[in-house]
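Written out below as structure tokens is the structure these notes cover.
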Amino acid sequence: MIAGGPSPEAGGSQSGTMTLAVVSGIGFGIYFVALKYAGSAGLVWPMATARMGSLSTCSLVLLAVSWGRSGPDTRLDTRLSLPRAAVLWCLSTALLDTSGNLLFIAATRAGRLDVAAVLASLYPASTILLAAWTLKEKPTRRQGLGMVVAAAAVVLITL
541 MIAGGPSPEA GGSQSGTMTL AVVSGIGFGI YFVALKYAGS AGLVWPMATA
591 RMGSLSTCSL VLLAVSWGRS GPDTRLDTRL SLPRAAVLWC LSTALLDTSG
641 NLLFIAATRA GRLDVAAVLA SLYPASTILL AAWTLKEKPT RRQGLGMVVA
691 AAAVVLITL
């Protein structure tokens, strides 16, 4: 409910984004449980395996996009020019994402999976609140209701 918002491309409809939000929520749930049970070899190996999969997938997508731009008959331009700020942004995002996942694994190993998963799943609320604060975006009623339900879930799951 928090991640589903109006889609300007669909004339303000929320049904498509709500479906995508539910599917992504299921995917994150599977990912969090898989991280919890990813072996007892330590914190780094589950993350290294997840990052290898991410890198492979992103490389395939980049190759497909590059192939689509150049076409099958032209030579593939392998040079990629990105501004320094974009590279730093990507690297800091990757560092923070990996750190967050490592801390999630540590939390699930030290405590309960249900509490860690519920608290980790609140990240859309922080995104919505930051957008409201910094960009002056107004959360929708559905997003506000989702944040209230999520806060109640945190209280109930910790009891």
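Residue numbers for the sequence shown follow my numbering, beginning at 541 and rising by one. Virtual Cβ for every residue (Gly too), placed ideally from N, Cα, C.
Met687 burial status per 10 Å Cβ neighbour count (16 or more: buried) | For the purposes of this step, residue 687 is taken as the residue at position 147 of the sequence shown. Looking at its Cβ environment, which holds 16 or more other Cβ atoms inside 10 Å, Met687 is buried.
For Met687, the first and last residue of its enclosing alpha helix (DSSP H) = Working through the sequence shown from its first residue, we reach residue 687 at position 147. Residues 681–698.
Integer Cβ distance of Thr674 from Lys576, believed to fall under 8 Å = Position 134 of the sequence shown holds residue 674. Position 36 of the sequence shown holds residue 576. That belief does not hold up - the Cβ atoms of Thr674 and Lys576 are roughly 33 Å apart, past 8 Å.
Mark Ala657 as exposed unless 16 or more other C-beta atoms lie within 10 angstroms of its C-beta, in which case mark it buried.
-> Within the sequence shown, residue 657 is the residue found at index 117, counting from 1. It counts as buried.
For Leu642 and Met587, believed in contact at Cβ under 8 Å, the rounded distance | Counted from its first residue, the sequence shown places residue 587 at position 47. Counted from its first residue, the sequence shown places residue 642 at position 102. Correct: roughly 6 Å between the Cβ atoms.
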